[in-house]
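Undergrad: Pasting in a structure now, in structure tokens, and then I'll have a few things to ask.
Listed below in structure tokens is the structure:
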């Protein structure tokens, strides 16, 4: 989820990196490499959708 944007666009990388800093954990790693069950938890899904939109 979002890995293509991260790889292609500098503004996307900045957005993902900023979200990681604000949240205090690597949301981007969870989105790109994490397991689906953890990503589907609301506490993770909501910021993931926000960052990708």
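Residue numbers (my numbering): 30 to 82. Beta carbons are placed, not taken as given, at the ideal position from N, Cα and C, and that holds for glycine. In this text the structure is predicted, and so the values were computed from the model without any measurement.
Short check: CB of residue 67 to CB of residue 59, under 8 Å?
TA: Within the chain shown, numbered from 1, the residue matching residue 67 stands at position 38. Within the chain shown, numbered from 1, the residue matching residue 59 stands at position 30. In contact: residue 67 and residue 59 (Cβ atoms closer than 8 Å).
Undergrad: Residue 77 to residue 33, Cα distance in whole Å?
TA: Within the chain shown, numbered from 1, the residue matching residue 77 stands at position 48. Within the chain shown, numbered from 1, the residue matching residue 33 stands at position 4. Approximately 14 Å between the Cα atoms of the pair.
Undergrad: Just to confirm the assignment, what range does the alpha helix (DSSP H) spanning residue 55 have?
TA: The sequence position of residue 55 within the chain shown is 26, counting from 1. DSSP places residue 55 outside any alpha helix (DSSP H), giving it a letter other than H or E.
Undergrad: Between the C-alpha atoms of residue 74 and residue 81, what's the straight-line distance to the nearest angstrom?
TA: Counting from one through the chain shown, the residue named residue 74 turns up at place 45. Counting from one through the chain shown, the residue named residue 81 turns up at place 52. Between residue 74 and residue 81, the C-alpha separation is close to 11 Å.
Undergrad: Whole angstroms are fine: how far does the CA of residue 37 sit from the CA of residue 50?
TA: Against the chain shown, residue 50 aligns to sequence position 21. Against the chain shown, residue 37 aligns to sequence position 8. About 21 Å.
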